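A.B. asks: Structure incoming, see below.
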Amino acid sequence: MDEACRRWRNGGARGCACIGVNLFGEQLRAGDLPDIVTAALARRHLPTKVLELELKENIAVRQDEGVLAALHALRDRGIAIDDFGTGFASLVTLQNVPVTRLKIDRSFITHVAEEAHDAAIVEAALTLARKLGLRVIAEGVETEAQESLLRARGCAEGLGFRYGRALPPAELLAASWQRREDGAPIYPLAPAARQGHSPAQGHRRDGGAPLARA
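When you read off a place in the sequence shown, starting at 1, and then add 2, the result is the number in the numbering used here.
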């Protein structure tokens with residue numbers, strides 16, 4: 003957690019809106035994660051908005067009281083909780099787990115432009131997210147057809163090789179900063195991103211046009 007905050011402090015302000023950290027069950031069950039997260043942010047003098055905690059749904063579906071208490075404490079402190087909904091979790095879980103964003107699994111995105119069944123599931127997930135006041139991101143976006151369908155249905159964020167491959171932190175920040183100097187959109191769902199500019203990873207929260215993260 004401290005390393006994530008350190009990396010953001012050393013360069014994130016120039017290029018990335020936030021940084022995500024994957025959680026595992028034992029961290030949440032230990033009971034001290036909210037304090038650890040708060041302390042890591044304080045050491046680097048960072049606001050809570052720069053950090054997202056990524057939670058695998060198989061942790062949440064167990065409905066462990068200790069896990070739920072930690073998640074609610076983190077949410078109350080302004081920490082975003084991401085990565086829930088990548089599989090087939092019970093809808094009942096959404097009543098108790100304080101997530102801030104849903105993900106649509108790549109298995110539904112791969113054929114979303116050709117299969118009406120997959121498109122219907124994606125649309126249902128987007129409708130559910132809107133009704134619950136949650137942000138949503140689609141995983142595994144690789145083609146223009148997939149992107150166009152998702153954009154048309156109001157999906158504001160995408161994740162996948164269409165926007166770029168994974169990069170080491172230094173290269174990511176350098177690419178993001180170069181795009182800023184070129185005057186190109188920093189995050190590449192805008193048309194200029196397909197005109198020879200190197201794609202950057204990350205996502206933006208300013209309410210502008212649909213964006214993507216690689």
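Using N, Cα and C, we set each Cβ at its ideal position, and we do this for glycine too.
What you are looking at is a predicted structure, and each value in this text was computed from that prediction instead of being measured.
Tell me the rounded alpha-carbon separation between residue 128 and residue 174.
C.D. replies: Whole-angstrom Cα-Cα distance: 29 Å.
A.B. asks: Comparing C-alpha positions only, which one of 171, 141, 176, 47 sits nearest to residue 164?
C.D. replies: Comparing Cα positions, the closest option is 141.
A.B. asks: Assuming residue 142 is part of the alpha helix (DSSP H), what are its boundary residues?
C.D. replies: Counting along the chain, residue 142 falls outside any alpha helix (DSSP H), and DSSP gives it neither H nor E.
A.B. asks: Excluding the five sequence neighbours on either side, which residues of its own chain have a C-beta within less than 6 Å of the C-beta of residue 171, listed in chain order?
C.D. replies: Within the same chain, residue 171 has close Cβ partners 9.
A.B. asks: Where does the unbroken alpha helix (DSSP H) through residue 68 begin, and where does it stop?
C.D. replies: Element bounds for residue 68: 67 to 78.
A.B. asks: Which two residues bound the contiguous alpha helix (DSSP H) that contains residue 5?
C.D. replies: 4 to 9 is the span of the alpha helix (DSSP H), which, as asked, contains residue 5.
A.B. asks: Nearest by alpha-carbon distance to residue 146: which of 136, 162, 135 is it?
C.D. replies: Cα-wise, what sits closest to residue 146 is 162.
A.B. asks: With which residues is residue 22 paired in a DSSP beta bridge?
C.D. replies: Looking at the DSSP assignment, residue 22 forms a beta bridge with 54.
A.B. asks: Checking the sheet assignment: what are the DSSP bridge partners for residue 84?
C.D. replies: DSSP output for residue 84 lists 56 as bridge partner(s).
A.B. asks: In this structure, what does DSSP give as the bridge partners for residue 105?
C.D. replies: According to DSSP, which records beta bridges pairwise, residue 105 is partnered with 139.
A.B. asks: Classify residue 36 as buried or exposed, calling it buried when 16 or more other Cβ atoms lie within 10 Å of its own Cβ.
C.D. replies: Under this definition residue 36 is a buried residue.
A.B. asks: Quick one: give me the first and last residue of the beta strand (DSSP E) that residue 160 is part of.
C.D. replies: Element bounds for residue 160: 159 to 161.
A.B. asks: Measure how close the beta-carbons of residue 55 and residue 76 come, nearest whole angstrom, since I'm counting them as under 8 Å.
C.D. replies: Confirmed, about 6 Å.
A.B. asks: What distance in whole Å lies between the Cβ atoms of residue 73 and residue 99, which are believed to be in contact at a cut-off of 8 Å?
C.D. replies: Their Cβ separation, rounded to whole angstroms, is 6 Å, which keeps residue 99 and residue 73 in contact under 8 Å.
A.B. asks: Could you tell me which of 158, 114, 101 sits nearest to residue 134, measuring between CA atoms?
C.D. replies: Comparing Cα-Cα distances from residue 134 to each of 158, 114, 101, the minimum goes to 101.
A.B. asks: Once you ignore the five residues that flank residue 104 on each side, which residues in its own chain have a CB closer than 6 Å to its CB?
C.D. replies: Once the five neighbours on either side are set aside, the close Cβ partners of residue 104 are 87, 131, 136, 138.
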